[in-house]
Every structure is written in structure tokens, then in C-alpha cells.
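All remarks here apply to the structure that follows.
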């Protein structure tokens, strides 16, 4: 478990690293003095079809841990400009049902986190997102003693469920 202040320090550090090292950086967001971070990228299924993936890390005041929120949207075979795609994301993008994207989003070696996926309203965006429910996060993270708790949490997600294309340097000084 971490404090909200430590969460904010950790995500600021992550966003700084990712701006320098990643082609799809994490960005700090702020609403009503509450901070979280977001990242948007594209993922492909086995046939090569592209999907928009939206990811957020928010702080749970109830559980005192980071919460991973995510969605994957299907925009069909059309080639949209970036601005139009952002606009369509909230108006016309079709949310992919969890069962439809497990095969290309999640690593198959482990199901540890899959048991804790639920759907709820994103605490800041007000739209339906999937999340890794925070009830087991503290338990899963108890053996991680890195400098940056949130980055260690992300590395655990990256190693077990999602694949984000991050360079090794991203994790060198934090976990």
C-alpha cells in the first residue's frame, strides 16, 4: 500500500521516464486536484487488425493502491486521422467485450490478474472501463520493494498480462 502523495510522486517519475524513452508516453492528468496518468496506443490482434488501447493508472483511496483501468476500441478498417480518431473514441468507438480481446491483449502464460478484472465507471472520465480490481493489489505487491511502487506494479502487469513495448531502461532505476 502507498499514500496518495507517494502515488503522485511515482507517476510523475514514470511520466518523466516515458517522455524520454517511450514512443507512447504516459501523461499526467489532473481533475479537481486529483492526479492520474494515461497512455494511449494501438495493439494488433493475430490477424494484424489494429485496435486503440486506452490505459489509466488511478489511485484508490479505499485500498491505498494504484488501479489499472483499460479499454480497447475497434474502429473497423478505416484509416482515421489522429484528431478524428480521438473524437471518434468517445463518440463512435466500439468497446471490445473482454472475451473478444483476451486472446491478443493478455499473455497466455498466467491468469493471476485475469480473475480480478471487472468493469466500472472510470473515476475521472465517467465512462465504462475495465480495471484490475484493487482488492488484491496490496497482497500481490507485498514482495516488491522497489523505489517506485507504481512502476513495480506496471512491471508486474507487463510481465503477466499486458505487453507494453517499453525499453529496459524504463525500469532500471525504479524497481
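In the working numbering, the protein residues as written are 9 to 183.
Note that CB positions come from ideal geometry on N, CA and C, so glycine has one too.
Computed from a prediction, not measured in an experiment: that's the story for all the values here.
Do you know whose CA, among the options, lies nearest residue i's CA?
i	options	result
residue 20	177, 56, 156	156
residue 30	151, 48, 161, 78	48
residue 61	18, 145, 32	32
residue 146	159, 71, 176, 127	71
residue 81	55, 73, 63	63
residue 59	159, 9, 78	78
residue 38	52, 133, 51, 55	133
residue 137	148, 65, 10, 17	65
residue 16	180, 158, 162	158
How close, in whole Å, do the beta carbons of residue i and residue j come, if the pair is a contact with beta carbons under 8 Å?
i	j	result
residue 69	residue 129	In fact, because the Cβ distance is near 16 Å, the residues do not count as touching under 8 Å.
residue 139	residue 75	6 Å
residue 73	residue 135	Their Cβ separation, rounded to whole angstroms, is 22 Å, which puts residue 73 and residue 135 out of contact at 8 Å.
Quick one: residues in its chain with C-beta nearer than 7 Å to the C-beta of residue i, no 5 flanking neighbours on either side, listed in chain order?
i	result
residue 36	19, 20, 23, 43, 45
residue 177	29
Using the DSSP secondary-structure output, state which residues sit across from residue i in a beta bridge.
i	result
residue 77	64, 139
residue 39	42
residue 127	138
residue 52	58
residue 47	63
For residue i, collect the residues of the same chain with a Cβ closer than 6 Å to its Cβ; drop the 5 residues on either side in sequence, then sort them by chain order.
i	result
residue 144	124
residue 141	124, 126
residue 164	none
residue 52	58
Note down, in chain order, each residue of its chain lying with its Cβ closer than 8 Å to the Cβ of residue i, except the 5 sequence neighbours on either side.
i	result
residue 101	Its pLDDT being 49, under 50, residue 101 is placed unreliably by the model, and the measurement read from it follows with that caveat. The residues are 60, 81, 82, 83.
residue 50	58, 59, 60, 61
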